[in-house]
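For what it's worth, our numbering labels the leading residue of the sequence shown as 420, then goes sequentially.
Positions of the beta carbon are idealized from the N, C-alpha and C atoms, including for glycine.
All values derive from a computational prediction rather than experimental measurement.
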Amino acid sequence: MARRAGESNTVDDSTANSVSLLISILVRYPEIATVNFVPQGKVLKFTFMVSKPIPDDQWKAFREGLRESVQGYAALVHGMSPTLSVDRRDYDGVSLVEISRDAATLTQEEISLIIEFAREKLGSSLVTEGVTDEGALDDDLVFQDEMIENMLEDLKETIQHRKLIGFRDDGRVLVFNKQGEKRSERTRS
């Protein structure tokens, strides 16, 4: 059924657009291991995998430098300080870096800033799946960037109820609805 001019997006439309956004971000930025959308607060969470543990002094410099960069960018572009969280989880021989950002003022340029910062500070230990954008044509990158920017704008204007996660698996990008993750356990009497 075609939508008439002036009709608002349906839940299905907003979910499809959010799924497309996660896919586009993962395709455009092979450095991102997973991207989550949390509808409460409209938060996007980017997870990077680092092939070795990050020493505490390097982590502190990374976290503070990223905060300064993102807050400086947001102050210049939006005149405000964004909601930003930068966390690290260490596992056996690897670290996961999780960057959460509210989507209310997030732009594609800011995502690129975060990626470039991670590339520069984490270097060759930043796990990248597939090829980087070095071999891509400039026109392709501009098109992908415009698509991400348009979908971010759409995300800001829609109501989304589904918690989504996008990740890579064997060269593919997959997106799932995380709503069913909390299940109650039944006890036997």
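Local Cβ density within 10 Å of residue i, reported as buried at 16 or more and exposed below that
i           : result
residue 468 : buried
residue 496 : exposed
residue 487 : exposed
Nearest to residue i (by Cα), restricted to the options the options
i           : options               : result
residue 465 : 505, 438 and 478      : 505
residue 433 : 510, 577 and 519      : 577
residue 483 : 546, 503 and 568      : 503
residue 492 : 513, 462 and 533      : 533
residue 507 : 474, 455 and 437      : 474
residue 515 : 454, 495, 588 and 594 : 454
residue 519 : 489, 594 and 513      : 489
residue 567 : 531, 513 and 580      : 531
residue 501 : 513, 460 and 512      : 460
Nearest-angstrom beta carbon gap, residue j and residue i [assumed within contact, 8 Å]
i           : j           : result
residue 449 : residue 517 : Actually they do not touch by this definition, with Cβ atoms about 17 Å apart.
residue 441 : residue 590 : Wrong, their Cβ atoms sit about 17 Å apart, outside the cutoff.
residue 521 : residue 462 : 6 Å
residue 564 : residue 527 : 5 Å
Cβ-based neighbour list, residue i, same chain, cut-off 6 Å, excluding 5 preceding and 5 following
i           : result
residue 485 : 505 and 536
residue 597 : 582 and 584
residue 478 : 507
residue 471 : 544
residue 481 : 540
residue 587 : 548
Residues bridged to residue i (per DSSP)
i           : result
residue 592 : 587
residue 464 : 455 and 519
residue 510 : 513
residue 504 : 519
residue 469 : 514 and 545
8 Å CB neighbourhood of residue i in its chain, flanking five on each side removed
i           : result
residue 451 : 444, 445, 465, 466, 467 and 534
residue 499 : 493 and 524
residue 436 : 428, 570, 573, 574 and 577
residue 538 : 450 and 545
Cβ shell of residue i (< 7 Å), same chain only, five flanking positions each side left out
i           : result
residue 592 : 442, 445, 446 and 585
residue 439 : 570
residue 458 : 579, 580, 581 and 582
residue 509 : 472
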